[in-house]
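With the first letter of the sequence shown counted as 1, position 30 gets the number 85 in our numbering; the numbers rise by one all the way through. Following: one structure in structure tokens, then a few remarks.
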Amino acid sequence: IPALEIEGLRHSYGGDRYALEEVGFRVMPGAFTCLLGPNGAGKSTLFALATNLLRPTAGRIRIHGHDIATASGDALACMGVVFQQPTLDLDLTVTQNLHYFAALHGIGRREAQRRIEVELTRLSLFERRDEKVRALNGGHRRRAEIARALLHRPTLLLLDEPTVGLDIPARRKLIRHVHDLCTDDGIAVLWATHLIDEIDPVTDHVVVLHRGRVRASGPVSVVNAEA
Ligand code: ADP
Ligand code: ADP
Numbered sequence: 056i057p058a059l060e061i062e063g064l065r066h067s068y069g070g071d072r073y074a075l076e077e078v079g080f081r082v083m084p085g086a087f088t089c090l091l092g093p094n095g096a097g098k099s100t101l102f103a104l105a106t107n108l109l110r111p112t113a114g115r116i117r118i119h120g121h122d123i124a125t126a127s128g129d130a131l132a133c134m135g136v137v138f139q140q141p142t143l144d145l146d147l148t149v150t151q152n153l154h155y156f157a158a159l160h161g162i163g164r165r166e167a168q169r170r171i172e173v174e175l176t177r178l179s180l181f182e183r184r185d186e187k188v189r190a191l192n193g194g195h196r197r198r199a200e201i202a203r204a205l206l207h208r209p210t211l212l213l214l215d216e217p218t219v220g221l222d223i224p225a226r227r228k229l230i231r232h233v234h235d236l237c238t239d240d241g242i243a244v245l246w247a248t249h250l251i252d253e254i255d256p257v258t259d260h261v262v263v264l265h266r267g268r269v270r271a272s273g274p275v276s277v278v279n280a281e282a
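Right, dumping it as structure tokens:
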């Protein structure tokens, strides 16, 4: 059963063109799925729909089999999201930020401390834990955002263009970390990007979005052959 299943999804912002039209694909547990498309393809719209920030004009979104239009908040609680805009406070340390978000999720202080150490360690950020976010470079900030998104132990992680503004080594490192989340924890990942060179061996499945439609879908080799 897919972690995320999208079917016949259509969205209009009111203009004469649909931002998304008949979009369908799946994100499987433990799989790294890449949503590839140029600016304007509809990636952010899809994220807003999948997180219930927008209601689709038509179509269905299921998380672990539950339609998010009718499901309780629990369906959304199994999702971790890294939006393009940062959510961490620049003047708090990494640990302070993460404690704040853990508290919002109702995680007790001691359990929060434990999880924060686990996530920072596996994202290679543990040594930075007491630095203010302002002092971190872009790659470290992104990883701190991912740690924040993992505190409530999601089974589905959505990342909207997480590598924007990062240099190539930082990008590779970020991708590797997120790939490890798939293979080690079985988390389903949907990684949106407009950069075709990010589609490297870690990607299990690629969905190519173009002008609001799925232009191709399949393993990297298949999509490369069609491109
Ligand atoms: P269909 O809807 O006909 O199954 P798809 O292109 O959705 O066509 O799927 C083709 C194959 O790829 C299926 O075996 C499916 O299980 C697999 N698949 C689809 N989406 C993903 C994904 N996000 N990750 C891994 N495998 C996938
Ligand atoms: P991407 O994230 O792939 O760059 P978007 O989802 O942001 O794509 O945009 C898809 C289409 O929807 C574009 O044509 C964009 O101009 C349009 N769009 C996005 N947000 C809005 C909005 N709030 N109001 C009207 N049109 C929008």
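Even for Gly, the Cβ is constructed at its ideal location relative to N, Cα and C.
Annotation: the continuous beta strand (DSSP E) that includes S272 extends over 268-273. The C-alpha of R165 is placed about 31 angstroms away from the C-alpha of D215.
Here S272 has F80, H260, V261, V262, V263, V278 as same chain residues with Cβ atoms under 8 angstroms from its own Cβ, once five neighbours each way along the sequence are excluded. Leaving aside the five residues that flank A130 on each side, the residues in its chain whose CB is nearer than 6 angstroms to its CB run, in chain order, I118, H121, I123. Taking each of E77, I56, A58, L205 in turn and checking the Cα distance to H154, the smallest one comes out for L205. In this structure, C89 lies away from P209, with their beta-carbon atoms at least 8 angstroms apart. The beta carbon of I254 sits closer than 7 angstroms to the beta carbons of C89, L91, V261, V275 from its chain, once the five residues preceding and following it are set aside; these are given in chain order. Classified as exposed, H160 has fewer than 16 neighbouring CB atoms from the shown chains inside 10 Å of its CB.
When secondary structure is reduced to three states using DSSP, A132 falls in the helix class.
For G194 against L221, the beta-carbon gap comes to about 5 angstroms, under 8 angstroms, which counts as contact.
Minimum Cα-Cα distance from A86 among the listed residues L245, I251, V269 corresponds to L245.
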